[in-house]
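Chemist: If you're matching positions, the sequence shown starts at 1 in the UniProt record's numbering and goes up one per residue. Backbone N, C-alpha and C fix where the C-beta goes; we use that ideal spot for every residue, glycine too. I have a structure here, written as structure tokens, and I will follow up with some questions on it.
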Amino acid sequence: MPLKVRKELQIQIIQMIIFVICFLFLIKGKPDYSGQLDTNIEQQIKLDKSSKANSIIIKFYVSSSKAVCLVSQSSLEQVAITDLNDPKNESFAYDYQGYQANSVYQLVEIDFYQLLYIRCLQSEQINEKSSYELYITERPFIESCINDCNGYNYPEIQNSVCVSMQCNCLDSYFGLFCQFQSSKIYSNVYNKLTIESNKWIYLYYELPTTNVELQTMNEQQDVFYSLVSEQTPQKTIPNLQNSSRLLSIVNIQEEIIISNADVIYIGIYNNQSEQIEFQFKIVTYYQDDQSIFERNRIIIIITVCAIATLFLFAIGISVLRTRKHQQIRKQVQETIRRNLNQQGFFDQQQQSNRVFDPAIYKGFQIRFIKDHFKAHYYDKFIQVYPGLSQFEECAVCLEQMKNANNKLQKICCVTPCFHIFHSICLQEWLLRQKNCPFCRTVYNRKKIIQDFPWIDIGNIQIKNTDSNYLCRIKNQIESVNDSRIELNQNQQSEQTNQLQEIKD
Numbered sequence: 001m002p003l004k005v006r007k008e009l010q011i012q013i014i015q016m017i018i019f020v021i022c023f024l025f026l027i028k029g030k031p032d033y034s035g036q037l038d039t040n041i042e043q044q045i046k047l048d049k050s051s052k053a054n055s056i057i058i059k060f061y062v063s064s065s066k067a068v069c070l071v072s073q074s075s076l077e078q079v080a081i082t083d084l085n086d087p088k089n090e091s092f093a094y095d096y097q098g099y100q101a102n103s104v105y106q107l108v109e110i111d112f113y114q115l116l117y118i119r120c121l122q123s124e125q126i127n128e129k130s131s132y133e134l135y136i137t138e139r140p141f142i143e144s145c146i147n148d149c150n151g152y153n154y155p156e157i158q159n160s161v162c163v164s165m166q167c168n169c170l171d172s173y174f175g176l177f178c179q180f181q182s183s184k185i186y187s188n189v190y191n192k193l194t195i196e197s198n199k200w201i202y203l204y205y206e207l208p209t210t211n212v213e214l215q216t217m218n219e220q221q222d223v224f225y226s227l228v229s230e231q232t233p234q235k236t237i238p239n240l241q242n243s244s245r246l247l248s249i250v251n252i253q254e255e256i257i258i259s260n261a262d263v264i265y266i267g268i269y270n271n272q273s274e275q276i277e278f279q280f281k282i283v284t285y286y287q288d289d290q291s292i293f294e295r296n297r298i299i300i301i302i303t304v305c306a307i308a309t310l311f312l313f314a315i316g317i318s319v320l321r322t323r324k325h326q327q328i329r330k331q332v333q334e335t336i337r338r339n340l341n342q343q344g345f346f347d348q349q350q351q352s353n354r355v356f357d358p359a360i361y362k363g364f365q366i367r368f369i370k371d372h373f374k375a376h377y378y379d380k381f382i383q384v385y386p387g388l389s390q391f392e393e394c395a396v397c398l399e400q401m402k403n404a405n406n407k408l409q410k411i412c413c414v415t416p417c418f419h420i421f422h423s424i425c426l427q428e429w430l431l432r433q434k435n436c437p438f439c440r441t442v443y444n445r446k447k448i449i450q451d452f453p454w455i456d457i458g459n460i461q462i463k464n465t466d467s468n469y470l471c472r473i474k475n476q477i478e479s480v481n482d483s484r485i486e487l488n489q490n491q492q493s494e495q496t497n498q499l500q501e502i503k504d
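So this is what it looks like as structure tokens:
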């Protein structure tokens, strides 16, 4: 076959492969049913029965921020917008939080029915059309994990997972099924905010143990704020019913004490008819010197007592530690493998009634672990620092992280000593003891809080890059390169000597 004909044939094959890939992508993302909806007019949809059909996902796009779309297996003609006060109404389903947030997207997931009734309600008599996309899925419907915790991004997938029948949101997402995104803010730093008319903007803030105030520049009219604490599942979001007018200075310490949370979500709502821009920041005030002195004195007394106790029992603890490490590793491996095989679908009641035996769980609290040992995908860690790719399996459960079998096994955490483990494995380990499962480096709250965050996935950089661990990896790579260069030089010299002997 001539070379020119062969090249043309290769080009045609490549074009056909690209066409097939694009066609399959379009088919995957295409809804099974779609159409337009008139306001306050009911529409029936008849679906074809399939043996693989287990649930239905309906994604709405509403043209008005005050519209809400309902889905039911019975008629919705008698339903009024005043009947939407109960988000758990069993006669119909709708996106309660999307309606509260004035979102242009609303998403509903229900069990499969061959006949559906859809109706979009609006308080104002405005004839505006809404659109919908209906997808028939093979995944069983889980009420507490709508859309598999992927928010409004169906059929796309985001970095959130359903664990123990609850949504665990990652990457600053929150909501009942991780459908809202927030931006992190820091103390004493002005943030420039731009808010569209009749829209919300969400922020999240990690609370210190100090007095907290909200401050704004260029005080705006008809701008409101609402606070909610972080919880799992996130059943409440910032809304107008629990909001207050945003003044130039607002002290929120009383609201924070009532919430009793480590992280709060702040929603700011623009009730004006036009877009606004303003400066916003959170100001923290430290306590007086006397209270700080009293607190430090108590800390010193507790520290001295702890050191004396540790000194008295150091010999006994050192003897028992090795034996307990082996027992704990076996217990953790059995627990983690059981969790991974069941893929997190535990009974919610059993999870809530879990009893932590103080004789076994001597590590950190679960809230402290989740706040400081952030979970991300394994591939993200490798993109940030390829040198960590040597950790392909978890040292706790001995299961793969690089070639994981399921989505849960791909979510990992990095310790301050730069060792990677499954997120759920590391949580179980740190609940029991305060050290690294790989190198046995001992952790304490003060050191972890001081070094946090030791790795920043968002900015693609690593804190504490001068650590002994990273320097050791660098030296190993350099030594390997030097040895390769020296080996090549020796081989070349030997070949030269052999040629000289042959000529002689």
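Comparing C-alpha positions only, which one of SER229, GLN279 and SER243 sits nearest to LEU193?
Modeler: Position 193 of the sequence shown, counted from the start, is the residue given in the question as residue 193. Cα-wise, what sits closest to LEU193 is GLN279.
Chemist: Let's see if you can read the secondary structure: which residues bound the beta strand (DSSP E) around ARG119?
Modeler: By one-based count along the sequence shown, residue 119 stands at place 119. It spans 115-122 - the beta strand (DSSP E) in which ARG119 sits, taken as one unbroken run.
Chemist: In or out: TYR186 buried (at least 16 other Cβ within 10 Å) or exposed?
Modeler: Numbered from 1 along the sequence shown, position 186 holds the residue referred to as residue 186. TYR186 should be labelled exposed.
Chemist: Is the CB-CB distance between TYR225 and SER248 below 8 angstroms?
Modeler: Reading the sequence shown from its first residue, position 225 is the one you call residue 225. Reading the sequence shown from its first residue, position 248 is the one you call residue 248. Taking 8 angstroms as the cut-off, the Cβ atoms of TYR225 and SER248 do not count as close.
Chemist: Does DSSP classify GLN390 as helix, strand or coil?
Modeler: Against the sequence shown, residue 390 aligns to sequence position 390. GLN390: helix per DSSP, three-state reduction.
Chemist: Rounding to the nearest angstrom, what Cα-Cα distance links CYS145 and LYS407 in this structure?
Modeler: By one-based count along the sequence shown, residue 145 stands at place 145. By one-based count along the sequence shown, residue 407 stands at place 407. Near 15 angstroms, if we compare the C-alpha coordinates of LYS407 and CYS145.
Chemist: Give the straight-line distance between the Cα atoms of SER72 and GLU143, rounded to the nearest whole angstrom.
Modeler: Here residue 72 refers to the residue found at position 72 when the sequence shown is read from its first residue. Here residue 143 refers to the residue found at position 143 when the sequence shown is read from its first residue. About 15 angstroms.
Chemist: Measure the alpha-carbon distance for LEU121 versus LYS184 and round it to whole angstroms.
Modeler: On the sequence shown, position 121 is the one that residue 121 refers to. On the sequence shown, position 184 is the one that residue 184 refers to. Note on geometry: alpha-carbon atoms of LEU121 and LYS184 lie some 34 angstroms from one another.
Chemist: Whose C-beta lies closer than 8 angstroms to the C-beta of SER389 among residues of the same chain, with five residues either side of it excluded?
Modeler: Here residue 389 refers to the residue found at position 389 when the sequence shown is read from its first residue. ILE382 and LYS402, listed in sequence order.
Chemist: Among GLN327, GLN234 and HIS422, whose alpha-carbon lies nearest the alpha-carbon of ARG432?
Modeler: Looking up residue 432 in the sequence shown gives position 432. The candidate whose alpha carbon is nearest that of ARG432 is GLN327.
Chemist: Find out if the Cβ-Cβ distance for the pair CYS439, SER423 is shorter than 8 angstroms.
Modeler: The residue given as residue 439 occupies position 439 in the sequence shown. The residue given as residue 423 occupies position 423 in the sequence shown. Not closer than 8 angstroms, so no.
Chemist: Using only CA atoms, which one of GLN234, LYS59 and THR284 lies nearest to ASN251?
Modeler: As a first step, residue 251 is located in the sequence shown; it is residue number 251 there, counting from the start. ASN251 has its Cα closest to that of THR284, out of GLN234, LYS59 and THR284.
Chemist: For PHE311, count neighbouring C-beta atoms within 10 Å of its own C-beta (all shown protein chains included) and say buried if the count is 16 or more, exposed if not.
Modeler: Counting from 1 along the sequence shown, the entry for residue 311 is found at position 311. Exposed is the call here.
Chemist: Counting contacts by CB-CB distance shorter than 8 angstroms, is GLN73 in contact with chain D?
Modeler: The structure shown contains no chain D, having only a single protein chain.
Chemist: Pick helix, strand or coil for TRP429, following the three-state DSSP scheme.
Modeler: Translated into positions along the sequence shown, residue 429 becomes position 429. Three-state result, TRP429: helix.
Chemist: Is it buried or exposed for GLU410, if we count other Cβ within 10 angstroms and need 16 for buried?
Modeler: Reading the sequence shown from its first residue, position 410 is the one you call residue 410. Here the sequence assigns Lys to residue 410, which means Glu is not the residue at that position. By the 10 Å Cβ count, LYS410 comes out buried.
Chemist: Ordered along the chain, which non-local residues of its own chain (more than five positions away) have a Cβ less than 8 angstroms from that of LYS199?
Modeler: Position 199 of the sequence shown, counting from 1, holds the residue named residue 199. Around LYS199: SER65, ASN102, TYR269 and ASN270.
Chemist: Buried or exposed for ALA80, please, with buried defined as at least 16 other CB atoms from any protein chain shown within 10 angstroms of its CB.
Modeler: Against the sequence shown, residue 80 aligns to sequence position 80. ALA80 is exposed by the Cβ-count criterion.
Chemist: Taking only the alpha-carbon atoms, compute the straight-line gap between ILE201 and GLY151 and give it to the nearest angstrom.
Modeler: The residue you call residue 201 lines up with position 201 of the sequence shown. The residue you call residue 151 lines up with position 151 of the sequence shown. If you take the alpha carbons of ILE201 and GLY151, they lie about 17 angstroms apart.
Chemist: Quick check: what's the CA-CA separation for GLN114 versus GLU124?
Modeler: Reading the sequence shown from its first residue, position 114 is the one you call residue 114. Reading the sequence shown from its first residue, position 124 is the one you call residue 124. So the two alpha carbons sit approximately 32 angstroms from each other.
Chemist: Near PRO416, what residues of its chain come up, given a Cβ to Cβ distance below 6 angstroms and the 5 sequence neighbours on each side ignored?
Modeler: Position 416 of the sequence shown, counted from the start, is the residue given in the question as residue 416. Closer than 6 angstroms at Cβ, skipping near neighbours: ASP451 and TRP454.
Chemist: Which whole-angstrom value describes the C-beta separation of TYR99 and ILE118, a residue pair presumed to lie in contact below a C-beta threshold of 8 angstroms?
Modeler: The count along the sequence shown starts at 1 and reaches residue 99 at position 99. The count along the sequence shown starts at 1 and reaches residue 118 at position 118. No, TYR99 and ILE118 are not in contact; Cβ-Cβ is about 15 angstroms, not under 8 angstroms.
Chemist: Within this structure, are the beta carbons of ASP111 and PHE92 separated by less than 8 angstroms?
Modeler: Here residue 111 is taken as the residue at index 111 of the sequence shown, counted from 1. Here residue 92 is taken as the residue at index 92 of the sequence shown, counted from 1. Going by C-beta atoms, ASP111 is not nearer than 8 angstroms to PHE92.
Chemist: For THR216, which of GLN44, VAL304, TYR33 and ILE282 has the nearest alpha-carbon?
Modeler: The sequence position of residue 216 within the sequence shown is 216, counting from 1. Nearest C-alpha to THR216: ILE282.
Chemist: Between the C-alpha atoms of CYS436 and TYR443, what's the straight-line distance to the nearest angstrom?
Modeler: Counting from 1 along the sequence shown, the entry for residue 436 is found at position 436. Counting from 1 along the sequence shown, the entry for residue 443 is found at position 443. Cα to Cα, the separation comes out at about 8 angstroms.
Chemist: Go through its chain and collect everything with a Cβ distance to TYR378's Cβ below 8 angstroms, but skip five positions before and after it.
Modeler: On the sequence shown, position 378 is the one that residue 378 refers to. Closer than 8 angstroms at the Cβ level, and outside the excluded window around TYR378, lie MET401, LYS402, ALA404, LYS410, ILE411, CYS412 and ILE420.
Chemist: Quick check for students: name the residue ranges of the beta strand (DSSP E) that lie wholly in the segment 6-77, counting only runs of 3 or more.
Modeler: 33-38, 43-46, 55-61 and 67-72
Chemist: How many angstroms separate the CA atom of CYS167 from the CA atom of GLN253?
Modeler: Counting from one through the sequence shown, the residue named residue 167 turns up at place 167. Counting from one through the sequence shown, the residue named residue 253 turns up at place 253. Straight-line Cα distance between these residues: approximately 29 angstroms.
Chemist: Note the first and the last residue of the continuous beta strand (DSSP E) segment covering HIS422.
Modeler: Counting from one through the sequence shown, the residue named residue 422 turns up at place 422. Counting along the chain, the unbroken beta strand (DSSP E) around HIS422 starts and ends at 420-422.
Chemist: Hey, how far is the Cα of THR39 from the Cα of GLN78?
Modeler: Start at 1 with the first residue of the sequence shown, and residue 39 comes out as number 39. Start at 1 with the first residue of the sequence shown, and residue 78 comes out as number 78. Taking the straight line from one Cα to the other gives about 14 angstroms.
Chemist: Tell me the rounded alpha-carbon separation between HIS361 and ARG323.
Modeler: Taking the sequence shown and counting its residues from 1, one reaches residue 361 at position 361. Taking the sequence shown and counting its residues from 1, one reaches residue 323 at position 323. Reading the sequence as shown, one finds Tyr at residue 361 and not His. Taking the straight line from one Cα to the other gives about 16 angstroms.
Chemist: Within the continuous beta strand (DSSP E) that includes PHE368, where are the two ends?
Modeler: For the purposes of this step, residue 368 is taken as the residue at position 368 of the sequence shown. Note, PHE368: premise wrong, no beta strand (DSSP E); alpha helix (DSSP H) at 366-372.
Chemist: Considering only residues of the same chain and omitting the five flanking positions on each side of ILE195, which have a CB-CB separation below 6 angstroms?
Modeler: What you label residue 195 is simply residue 195 of the sequence shown in a count that begins at 1. The residues are ILE201, ASN270 and ILE276.
Chemist: Using the Cα positions of PHE177 and TYR94, report the straight-line distance between them to the nearest angstrom.
Modeler: As a first step, residue 177 must be located in the sequence shown, where it is residue number 177. As a first step, residue 94 must be located in the sequence shown, where it is residue number 94. Answer to the nearest angstrom: the Cα atoms are 13 angstroms apart.
Chemist: Figure out for me which residue from GLN44, THR303 and GLN221 has the closest Cα to the Cα of SER273.
Modeler: Looking up residue 273 in the sequence shown gives position 273. Of the listed residues, the one whose Cα sits closest to SER273 is GLN221.
Chemist: In whole angstroms, what is the alpha-carbon distance linking LEU203 and ILE264?
Modeler: Walking along the sequence shown from the start, residue 203 turns up at place 203. Walking along the sequence shown from the start, residue 264 turns up at place 264. Roughly 8 angstroms between the two C-alpha positions.
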